[in-house]
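Just so you know, we're using the numbering used here here: the sequence shown kicks off at 78 and counts up by one.
Even glycine gets a Cβ: it sits at the ideal position worked out from N, Cα and C.
Heads up, the thing below is written out as structure tokens.
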Amino acid sequence: MSTYMIVYNLFNFLMLFLEIFYWGMIIYFFMSWLPGARESKIGRMMSKVYEPILEPFRRVIPPLGMFDVSSIAALIVLRFFMKGIAAIFTIILNSLA
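This is how it looks when you write it as structure tokens:
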């Protein structure tokens with residue numbers, strides 16, 4: 078297998094992982110609107126994954142009433158991170174082609 082294919086497959090795997098993580102964060106965000114959803118077994122599991130990511134955002138951006146704006150900021154930052162990773166891999170893949 079060529080170096081190009083290894084990097085290409087790594088890129089696809091990483092982007093798939095980040096896309097799943099992104100949509101999971103959106104689901105976790107909407108779970109805050111449902112009473113008791115975050116206290117369920119799935120909610121507690123998702124809390125272990127997403128709360129360490131959201132905590133630094135919550136320290137900087139306090140909640141506005143019952144709205145947690147820090148989650149939206151984290152989603153925006155994650156999307157920019159994904160675009161940056163895609164740009165880096167595009168440069169790497171173009172140099173290997």
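Range of the contiguous alpha helix (DSSP H) that encloses residue i
{"i": "residue 147", "result": "146–173"}
{"i": "residue 131", "result": "118–137"}
{"i": "residue 92", "result": "80–108"}
Beta-bridge partners of residue i, as assigned by DSSP
{"i": "residue 141", "result": "144"}
Residue i burial status per 10 Å Cβ neighbour count (16 or more: buried)
{"i": "residue 81", "result": "exposed"}
{"i": "residue 164", "result": "exposed"}
{"i": "residue 131", "result": "buried"}
{"i": "residue 172", "result": "exposed"}
For residue j and residue i, the rounded distance between their alpha carbons
{"i": "residue 150", "j": "residue 119", "result": "23 angstroms"}
{"i": "residue 162", "j": "residue 78", "result": "23 angstroms"}
{"i": "residue 85", "j": "residue 96", "result": "16 angstroms"}
{"i": "residue 117", "j": "residue 108", "result": "10 angstroms"}
Distance cut-off 7 angstroms: residue i Cβ against heavy atoms of the ligand NAD
{"i": "residue 162", "result": "In the structure shown, the ligand NAD is absent, as is every other ligand, since no ligand is present at all."}
Self-check item: the region 83–102 contacting the region 118–137, beta-carbon criterion three pairs below 8 angstroms
Solution: yes
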